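Enquirer: According to our numbering, the sequence shown is numbered sequentially starting from 128.
Glycine included, every Cβ here is placed at the ideal spot set by N, Cα and C.
None of these values were measured; they are calculated from a predicted model.
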Amino acid sequence: MNGKDHNASSKMRVGVEAVVAITGIVLLTAAIMAGQGWRDRHFLPLFFVPHEDYVQGERLARLATGVAGMVLILFVRPMLGRLAQRLPPSKFAAETARIVLAVALAFVASELMLDRKFTFAAAESQTGEEPLRQPHPRLGWIFAPARNSQTTVGERKIAYSIDSLGYRVRDGNTPVNANLPSILFTGESIIAGYGLNWSETIPAQVDAALEVQSANIAVFGYASDQAYLRLAAELPRFRRPLAVVSLFIPSLFARNLGDDRPHLGPELAWKPAIHRFWLNSLFHFLVPYHDSAEIERGIRTTRAVLSATADLARKHQAISLVVDPQFGPESPVERMLRRRILDEAGIAYVRVELDPSWHLKGDLHPDPRATRAIAMAVAARLQADLGSRDMQQLEITSAQFRPR
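1) In this structure, does DSSP put H411 in helix, strand or coil?
2) In whole angstroms, what separates the C-alpha of S136 from that of A220?
3) Buried or exposed, going by whether 16 or more other CB atoms sit within 10 Å of the CB of P172?
4) How would you label L413, buried or exposed, when you count the other beta carbons within 10 angstroms and need 16 or more for buried?
5) Can you look up Q510 in the DSSP assignment and give me helix, strand or coil?
6) Would you report the Cα separation of E315 and A345, rounded to the nearest angstrom?
7) Please state if the CB of A502 and the CB of Q332 are separated by a distance shorter than 8 Å.
8) Residues in the same chain with beta-carbon distance under 6 Å from V477, minus the five sequence neighbours each way, listed in chain order, please.
9) Taking a contact to mean a Cβ-Cβ separation below 8 Å, would you say A381 touches P389 in this structure?
10) Got a sec, what are the start and stop residues for the beta strand (DSSP E) Y287 sits in?
11) State the beta-bridge partners of K398 as determined by DSSP.
12) For the region 199-208 against the region 164-171, are there 3 or more C-beta pairs whose distance is under 8 Å?
13) Do A507 and the ligand GTP come close, with the Cβ less than 7 Å from some heavy atom?
14) What does a CB cutoff of less than 6 Å around S140 pick up in its chain, not counting 5 residues either side in sequence?
15) Curious, which full-length alpha helix (DSSP H) runs of at least 4 residues does the region 420-471 contain?
16) Buried or exposed: H402, going by 16 or more other Cβ atoms within 10 Å of its Cβ?
17) Skipping 5 residues on each side, what residues in its chain have a beta carbon closer than 6 Å to that of E144?
18) Ordered along the chain, which non-local residues of its own chain (more than five positions away) have a Cβ less than 6 Å from that of D334?
19) Taking the Cβ atom as the reference point for each residue, do L433 and F347 lie within a distance shorter than 8 Å?
20) Suppose the cutoff is 8 Å on Cβ atoms and the five residues either side in sequence are ignored; what does the same chain contact list for E256 look like?
21) From what residue to what residue does the alpha helix (DSSP H) around P308 run?
22) Sorted by chain position, which residues of the same chain lie with C-beta nearer than 7 Å to A305's C-beta, five sequence neighbours on each side aside?
23) Out of E282, S291, I269, point me to the one whose CA is closest to N275's CA.
24) Any contact of the region 383-397 with the region 458-467, i.e. 3+ C-beta pairs under 8 Å?
25) Is L190 buried or exposed, if buried means 16 or more other CB atoms sit within 10 Å of its CB?
26) Which first and last residues belong to the alpha helix (DSSP H) in which S351 is found?
27) Would you mind reading off the limits of the beta strand (DSSP E) that contains P262?
28) Return the residue from the list P302, A500, A231 that minimises the CA-CA distance to L406.
29) For D494, is the classification buried or exposed, using 16 other Cβ atoms within 10 angstroms of its Cβ as the cut-off for buried?
30) Just verifying my parser: in three-state terms, what is the DSSP assignment at A500?
31) Going by DSSP, name the residue or residues bridged to W268.
32) Would you report the Cα separation of T436 and L487, rounded to the nearest angstrom?
33) When you compare only the Cα positions, how much space is there between D490 and E282?
34) Mind reading off the beta-carbon distance from R295 to Y287? Whole number of angstroms is fine, and I expect it under 8 Å.
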């Protein structure tokens, strides 16, 4: 190697080591700065991940980031530096270009593979899961109507009956009568009754307690704005709606930030789904970081949606109630979301504290003990709010709040 090539190789080594060192320093700094306060501001609680597992995962990710930074600085940097100096500049550039091309082709191949396998919104369709869902231009998806199906959830046989309007009903012979006094339940899988037979669902148990027809219009995977849009479409069918019951759980708030499905903004303007690269969506799924502006926008939108739900119910001479089930201790982030979204907006809600063990086997959805506790709390609140209007009086004792 002549002197000119040697100087070029030395400069190449310095440049390569500088890039690797800066990358390592960035990772190490991020690990040091990412304390619990920062994580609470940018990583929202997730309902389907136990809180202790989520916190442990955050700590492990922080540790892994710091270790990766140290490895880059102490080991990768000098190794790549020596390689850059040993190879002629032209050959090193060619090898680098070959690696970059291979990585780019791998990204393209991964994108094409993911595009063939997945739908855009994670909750739009789950392969083999009952009840089946089908696309809907305004709501994103709905239950496939007029279907009876059976499945197994946690070793239990579960039957689902969906009527011609996409409501979950007792069976195909028991449709919802829109002329009767009714309590409408809107929401997602907890309200719809994932992993539960009809009699175990929250709407069915409130129906039995108050002897007033319940209409279960909830759909698996819905965010708060989808539940509101579904209610706005279905409520006018009912001649005598008494109440509208919806659900808000702070640990499901992250779902309200999704824009890969039809969604509403803070001004309740409908917007179509935004389709991004699959790898970007996958990365965000693995690293669910949200900046402060995104979270603030989500808070304003959720508050507006729940307020609009109450206004819509009042327009139809019905009362509105939000149910907030809480499994185990409430984290500081969950408390902040509940305060800012429900309390500050003056939204009527009933909070039901549940034993963390009251969930389905192998799944964190509520089990029959939890849904009974929720249903009895909702029935008690509705009984108090509705009084004798269109209802038979029902005494609900504190003993009924305990699962049998």
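Expert: Here's the rundown:
1) helix
2) 11 Å
3) buried
4) exposed
5) helix
6) 5 Å
7) With contacts defined by Cβ atoms closer than 8 Å, Q332 and A502 form a contacting pair.
8) V450, A504, R508
9) Contact flag unset, no.
10) 283-289
11) H390
12) no
13) Only the bare structure without any ligand can be found here, which leaves the ligand GTP out of the picture.
14) Here residue 140 turns out to be Arg, not Ser, going by the sequence shown. Counting only Cβ-Cβ distances below 6 Å, and skipping sequence neighbours, we find G208, A211, Q212.
15) 459-465
16) exposed
17) R204, G208
18) S341
19) Contact: no.
20) T278, F347
21) It is not in any alpha helix (DSSP H) - P308 instead sits in the beta strand (DSSP E) that spans 308-312.
22) R364, F365, R366
23) S291
24) no
25) exposed
26) 351-361
27) 260-263
28) A231
29) buried
30) helix
31) P262
32) 30 Å
33) Approximately 12 Å, taken between the alpha carbons.
34) 7 Å
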